[in-house]
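The opening residue of the sequence shown carries number 67 in this note's numbering; numbering runs sequentially from there.
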Amino acid sequence: MNTPKTIPSPAEFVHVRDWVFDLDNTLYPHHINLFAQIDRNMTAYVAELLQMEPDEARVLQKRYYHEHGTTLAGLMAHHGVDPNDFLEKAHAIDYSALLPDEALGEAIKALPGRKFIFTNGTVEHAQAAARALGILDHFDDIFDIVAAAYLPKPASQTYDKFTQLKQIRTEQAAMFEDLPRNLLVPKALGMKTVLLVPRNLEGVVLESWERVDGETGKAHVDFVTDDLSSFLSAILAGQ
Ligand SMILES: [Mg+2]
């Protein structure tokens, strides 16, 4: 049994030159739940597009999510939806729940090397969220679902596209994510992997990464944390 560690030692990250962060539920805590707004917008989009009742639209939305990885991919495959129109409407949300996170900003700024946001959302969404958190200026670049040609993580082609475009040496990179399945490819590529889990939900926490456990032996998660700022501070403590 390979149990992920919760406290990093600086030596384990001393080789890292590229720091890759998922956006939603990674750079801000799960309980902020911005995704609930996006989720509602997507349901409304499907309902209007296909003239369905909301309940019916929601069932179809979730089916596409499970079968295609994103609602958008299903809508493009089955209904020829314009991705830009969908993404703009899905991400028309209120960011006021996100407050400046000074500790996180200081930690990201202090990390040696380049910092990236790698999201299944859009650049505009990432910029808006990171700006609200007061951390946008600390990132070198953002790789989004448009750059991924609408093929979401965890598709391996999308990680290849990202690492080639940004010239990332994966054995000198670390990836931070809240979805266990999105860490499988990074681990296989030689990246350090850190799973973000919700705060104060230890029981749920274990379930969330153990869900992948049966398939993968959980060996793809090097570290688990519910506090990104503290985790990064621990990495930086040795420098
Ligand atoms: Mg996420």
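All residues carry an ideal CB built from backbone N, CA and C; glycine is no exception.
Beta-carbon separation (whole angstroms), residue i vs residue j, contact threshold 8 Å
i      : j      : result
Leu170 : Leu199 : 7 Å
Ala176 : Leu100 : Wrong, their Cβ atoms sit about 26 Å apart, outside the cutoff.
Val82  : Ala239 : 6 Å
Ile183 : Phe205 : 6 Å
Gln103 : Asp151 : Incorrect: roughly 18 Å between the Cβ atoms, too far for contact.
Leu262 : Pro70  : Actually they do not touch by this definition, with Cβ atoms about 12 Å apart.
Any non-hydrogen atom of ligand 1 closer than 6 Å to residue i Cβ
i      : result
Asp292 : no
Thr92  : yes
Asp244 : yes
Asp105 : no
Asn206 : The sequence as given places Asp at residue 206; Asn does not occur at that position. False, no ligand heavy atom lies under 6 Å from that Cβ.
Asp167 : no
Asp121 : no
Asp226 : no
Asp203 : no
Asp88  : yes
8 Å Cβ shell around residue i - same chain, five flanking residues per side excluded
i      : result
Thr72  : Phe289, Val290, Thr291
Leu115 : Leu141, His145, Val147
Met118 : Val112, Leu126
Arg265 : Pro95, His96, His97, Asp292, Asp293
Pro120 : Thr109, Ala110, Ala113
6 Å CB neighbourhood of residue i in its chain, flanking five on each side removed
i      : result
Ser296 : none
Asn248 : Lys219, Pro220
Leu298 : Ala173
Leu255 : Thr236
Ile208 : Ile183, Val189, Ala192
Leu272 : Because Leu272 carries a pLDDT of 41, less than 50, the predicted location of this residue cannot be relied on, and no value is offered for it.
Lys210 : Reading off the sequence, residue 210 comes out as Asp, not Lys. The residues are Thr185, Thr188, Val189.
Ile98  : Ala163
Arg124 : Thr109
Own chain, CB closer than 7 Å to residue i, minus 5 neighbours either side, in chain order
i      : result
Ser222 : Val251
Pro149 : Leu138, Met142, Tyr216
Gln127 : Met108, Thr109, Val112, Thr137
Pro166 : Leu199, Gly200
Phe328 : A query on residue 328 cannot be resolved here, the shown segment of the chain reaching from 67 to 305 and no further.
Pro74  : Phe289, Phe297, Ala300, Ile301
Val287 : Pro70, Pro246, Leu249, Thr259, Leu261, Trp275
Query raised in the report: Do the region 185-201 and the region 93-107 make contact, defined as three or more Cβ pairs closer than 8 Å?
Result: Segments in contact, yes.
Query - contact_flag[the region 131-147, the region 157-172] where n(CB pairs < 8 Å) is 3 or more - result: Between the region 131-147 and the region 157-172, the count of C-beta pairs closer than 8 Å stays below three; the two stretches do not touch.
Query raised in the report: Pairing CB atoms from the region 73-88 with CB atoms from the region 243-262, are three or more of them under 8 Å?
Result: The answer is yes - the region 243-262 touches the region 73-88, with three or more Cβ pairs under 8 Å.
Query raised in the report: Pairing CB atoms from the region 176-192 with CB atoms from the region 145-158, are three or more of them under 8 Å?
Result: Judged by Cβ distances under 8 Å, the region 176-192 makes contact with the region 145-158, as three or more pairs qualify.
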